[in-house]
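Taking my numbering, I'd label the letters of the sequence shown as residues 406 to 495. C-beta: ideal position from N, C-alpha, C; glycine also. Worksheet for the structure shown next.
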Amino acid sequence: MFPSRVHGRPHLSTRQYARIVNRWIESIGLDPHKYGTHSMRRTKAALIYKKTGNLRAVQLLLRHTKLESTVRYLGIEVDDALHISEQIEL
């Protein structure tokens, strides 16, 4: 999706991607210190969780090995997360 400007490399580096996102954020008048590539990742995961309630799906999408990591990452209550995870069949 984002080819590199350097001929020997097939893709942008993480840093190059972060700079592009930073410019996009500034161009729409937002504070680049409040938004970034990681916060967008977290927002997408939180929206998926909010819409579906499927904590296991979010765990898989984020590639977390422990459900507790996903709970902490999303900032949700442990009791709520455990209740939801018990409803999901593995």
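Do you know how far the Cα of residue j is from the Cα of residue i?
i      : j      : result
Leu466 : Gly434 : 30 Å
Ala451 : His469 : 14 Å
Tyr478 : Thr457 : 17 Å
His488 : Ser432 : 42 Å
Ile453 : Leu460 : 9 Å
Pro437 : Arg420 : 14 Å
Val476 : Glu482 : 7 Å
His416 : Arg428 : 19 Å
Lys471 : Val463 : 11 Å
Using alpha carbons as the reference points, say which of the options lies closest to residue i.
i      : options                : result
Arg447 : Ser474, His416, Trp429 : Ser474
Met445 : Lys456, Ala423, Ala462 : Ala423
Which same chain residues end up closer than 6 Å to residue i when comparing Cβ atoms and leaving out the 5 residues on each side of it in sequence?
i      : result
Val426 : Thr442
Ile430 : Pro437, Tyr440
Lys449 : none
Who are the near neighbours of residue i in its chain, counting only those whose CB is closer than 7 Å to its CB and skipping five residues on each side?
i      : result
Gly480 : none
Can you give, in chain order, each stretch of the alpha helix (DSSP H) that sits fully within the region 439 to 482 and has at least 4 residues?
442 to 457, 460 to 467, 472 to 479
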